[in-house]
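Here's the structure we're looking at; comments come further down.
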Amino acid sequence: MELKEFAEIILFGTNISSDKLLDPKILTDEIPYKEIIAPKTPGRPLALQFNQNLNSKKIPFPNREQIEDEIQRGYVLHFFANHELLAMEIMALVLLLFPQAPKNFRMGIARTIIEEQKHMSLYLKRMKELNVTFGEIPVNDFFWNCLSQMKSPMDFVTKMSLTFEQANLDYSLFYRDLMYKIKDFKTAEILETVYLEEIGHVKHGVTWFNRWRDQSNTEWKSYTSALDLPLTPARAKGIIFDMAGRKAAGLSDQFIAELSVFSSSKGRPPNIYYFNPACEQEIARKKVGFTPSKSIANLQNDCASLMQFFASKDDIILISKKPSVSFLKKIQDCGYTIPEWLEFKKNNIDSNIILQNYISNISPWGWSPESINALKNLKNKLIIKSNFQKEIFDENFYENNIKELYSKKISATLIQKIKHNFTDLIDILPSENTFPSVSFNVNDVLLNIETFLAIDGIDTVVLKAPYGCSGQNMLRVKSNELTVAETNWLNKILKEQNSIIIEPWFNKVVDLSYQAKISEEKKHVAIGMTRFITDSRGQYKATFVGKKTDDLSKELAKFMYNKYSIYNGIEEILLQTSLLISNYLCDFKFEGPYGIDAFIYKDINSKYGFRLKHLSEINPRYTMGRVAIEVSKRIQTGAFAIWAHIRVIDILKNEKFKTISEFSSFIEQKFPIQLSNDFKPLIREGILFTNDPSLANSVLTVLIVGKNVLNNFTKETELEILI
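Numbering (full-length UniProt numbering), first residue to last: 1 to 723.
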């Protein structure tokens, strides 16, 4: 039988047994013919046509528990059978569309069709034994829609062989192993046969792909360039990632590594994430386009990838340089989701770099003039679900609503407004005479300093600029008789920012934060409390992401977990504080993530010996505490763990390490990650870098799991975290 006739029967035939499973004894490819115009749909029996069962609910792949039921196992095979049928029809279409393609390519396609027929026959026979009929559930036409308009054989090998067939390696292997686990050996053996022969199908595609592609590009670059939406490399992966099968199919190590950490939306509009840690500094400077301090610029370069911990695999991180594949693989191996990465070079981001037609949400680290300007071109793709999303790109809305939330005056004002909600907690919350004051002139500042210093137990007062990053734009004084330098600083802040916040400097013993968000429906969504550590300058250093009180005294730990009135511990008090603050944020029409900072301090006048400053600052943005909570989700319950920021300059003070590469290699070898045996593993012990050491200029972020690990890390590196 000639290939043309064989292909026509496969493509246009409407009977499964006589047409789709046609078994020619000999196939030849001698008679020339003209290419056809692709049909709208392939020929099929009524029950398997794409427009049938439109009213039937789409049935998802059965899960691990469901496949104990034989009908559900039959449905698994139904999905696989339709995959084989579509593959056969598309391969037949290739033969009819491209009669001038090389004969050995075409004969290779024909041999693949015959193997796909064999697979479908095996599926149909087993489905019958499991009491499932082919066509009793709706079939998917996605393959057909993606490939029926292919323009060349290269289109076929890229989209079918290297995408759908490659993904089938993962699916067939995953379900083979699942069938073995439930002791359905007959189905498992069918999937084993399919898996081994699918490797050959992918290999056929890889061979021709490498023959036809632009040799000046890598295999991976050639592949990604050849795809267009709705296809992305994400479609070339299944539930697991079968590295061995891909190697056997002839894919290069580099291609396999790139694919293993690739993600992209398969249909859901993505959320867009953008790291702009200079937002507060920028607001304090009151202009777009300012040059951030060197430390903030380094933070933006080094830590932009931390946004990945907020994202799903469907989401996109905008970044100046994508993390290395080797780094992402280590993150992925610990069970973290890897999103899609898009590199950009300009502050004004063109919406064309995002190939999807729609965007679900836009999430910078914090809203500021710079992030609004950088992201405004994406608005035309944004699915508007709230007034905030509609108005945030309006300059007046930002000036009148969002900018003020960055001011420390807000927390100074709100702690007064919410005090009536905590009248039953006067023994543990600050006394009202220690609440912050806002001053607008030098005389008022000096008067407030004098007033606070007159309070029993207060010997230091702190002056804070309304706008400024953590640990910056603040001044501690012990008298209202200021030095010349202190007076100059005060006058400068009053001139630039019109006001100063004054409050006592407490003997702080524990820093806390509470993370939450305001949803599109203007609902408060609680996320959780963190305990963090700052350095001597008040700048962020680390967060406890496992047990929060292991290193504290018994008295202090008891203070954190005591029942106070209706509140079971400090965390519930902070939750209530966060909830109350959310009402005020909603008054400003705010939406998105925020955190409140709090702390515990020593107080000889409290019967507990401590008090809780339940509202120190409000951060109307993402915070490092929020990152820490997301990082903590892959840590085994009950483990001691800390997530720390370590300055590169401090690392290199140790003569043992000449470069960051030496340091990171040493740490990974000395403290390897140990994982649990869960399907999605949890970290039991070890050290994981959470930003890419190969890109870091200023700071490394590390997850340290295990008390002994932390102690040994300190000994080996001379880096103290818990001080």
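Ideal Cβ positions, reconstructed from N, Cα and C, are used throughout, including at glycine.
Cβ neighbour criterion (16 or more within 10 Å) applied to Tyr273
buried
Rounding to the nearest angstrom, what Cα-Cα distance links Glu486 and Leu475 in this structure?
Cα to Cα, Glu486 sits roughly 8 Å from Leu475.
Quick test of your reading: Thr690 and Val702, contact by CB under 8 Å. State the CB separation rounded to the nearest angstrom.
7 Å
Short of 8 Å in beta carbon distance, which residues of its chain neighbour Ile354, apart from the five on each side in sequence? Order them along the chain.
Pro270, Ile272, Ile316, Leu342, Leu378, Lys381
Can you give me the Cβ contacts of Ile59 inside the same chain, cut-off strictly under 8 Å, excluding the 5 residues immediately before and after it?
Counting only Cβ-Cβ distances below 8 Å, and skipping sequence neighbours, we find Tyr75, Ile137, Pro138.
Residues of its chain near Met307, where Cβ-Cβ distance is below 6 Å and the 5 sequence neighbours each way are ignored
Tyr273, Phe275, Ile317
Could you give the distance in angstroms between the alpha-carbon of Asn401 and the alpha-carbon of Cys279?
15 Å
Could you check the C-alpha separation between Phe559 and Gly569 for me, to the nearest Å?
Distance between the alpha carbons of Phe559 and Gly569: 8 Å.
Quick test of your reading: Lys464 and Lys408, contact by CB under 8 Å. State the CB separation rounded to the nearest angstrom.
5 Å
Under the criterion of a Cβ to heavy atom distance below 8 Å, does Asn433 qualify as lining the ligand HEM?
The ligand content of the structure shown is nil, which means the ligand HEM is not present either.
Give the DSSP-derived three-state secondary structure of Gly706 in the structure shown.
coil
Kindly indicate the opening and closing residues of the beta strand (DSSP E) around Tyr273.
271 to 274
Cα-Cα separation, Ala412 to Pro466
10 Å
Please report the distance separating the alpha-carbon of Asn626 from that of Gln515.
Going by the sequence as given, residue 626 is Arg instead of Asn. Near 6 Å, if we compare the C-alpha coordinates of Gln515 and Arg626.
Do the segment 220 to 228 and the segment 151 to 161 make contact, defined as three or more Cβ pairs closer than 8 Å?
yes
Considering only DSSP beta bridges, list what Lys658 is partnered with.
Answer by DSSP bridge pairing: none, since Lys658 is not bridged.
Please confirm whether Ile458 has its beta-carbon closer than 9 Å to some beta-carbon of chain B.
Of the protein chains in this structure there is only one, and it is not chain B.
Let me know if Val94 comes out buried or exposed under the rule of 16 or more other beta-carbons within 10 Å of its beta-carbon.
buried
Reference Trp365; option with closest CA among Asn396, Ile319, Glu404
Ile319
Would you report the Cα separation of Glu165 and Gln100, rounded to the nearest angstrom?
When rounded, the distance between both Cα atoms is 24 Å.
Is there contact between the segment 196 to 214 and the segment 130 to 149, where contact requires at least three CB pairs shorter than 8 Å?
no
Count the C-beta pairs between the segment 111 to 131 and the segment 187 to 196 that are closer than 8 Å, then say yes if the count reaches three, no if not.
yes
The beta strand (DSSP E) that contains Pro504, what's its start and end?
The continuous beta strand (DSSP E) containing Pro504 extends over residues 500 to 504.
So, does the segment 674 to 688 touch the segment 600 to 616, judging by three or more C-beta pairs under 8 Å?
Because the criterion of three Cβ pairs below 8 Å is not met, the segment 674 to 688 and the segment 600 to 616 do not touch.
Identify whether Lys403 lies in helix, strand or coil by the three-state DSSP scheme.
helix
Taking contact to mean 3 or more Cβ pairs, one atom from each stretch, closer than 8 Å, check whether the segment 31 to 41 and the segment 98 to 118 are in contact.
yes
Going along the chain, which residues of its own chain have a beta-carbon closer than 8 Å to the beta-carbon of Ser324, five neighbours each way excluded?
Asp692, Ser694, Leu695
Would the beta-carbon of Arg176 fall within 9 Å of that of Ala188?
yes
In angstroms with no decimal places, state the Cα-to-Cα distance between Gln49 and Gly43.
In this structure, the CA atom of Gln49 is about 8 Å from the CA atom of Gly43.
Quick one: what does DSSP say Met1 is sitting in, helix, strand or coil?
coil
Under the assumption that Leu96 contacts Leu11 (Cβ atoms under 8 Å), give the Cβ distance between them as a whole number of angstroms.
Indeed, because the Cβ distance is near 7 Å, the residues count as touching under 8 Å.
Label Leu46 either buried or exposed according to how many other C-beta atoms from any shown protein chain fall within 10 Å of its C-beta, with 16 as the threshold for buried.
exposed
Could you check whether Ser665 and Ser295 sit closer than 9 Å to each other, using their CB atoms as the reference points?
no
Continuous alpha helix (DSSP H) assignments of at least 4 residues falling wholly in the segment 610 to 695
624 to 632, 648 to 651, 660 to 670
What does the alpha-carbon distance come out to for the pair Ile455 and Phe310?
Roughly 44 Å separates the two Cα atoms.
Considering only the alpha carbon of each residue, which of Lys221, Glu282, Pro277, Val545 lies closest to Cys303?
Pro277
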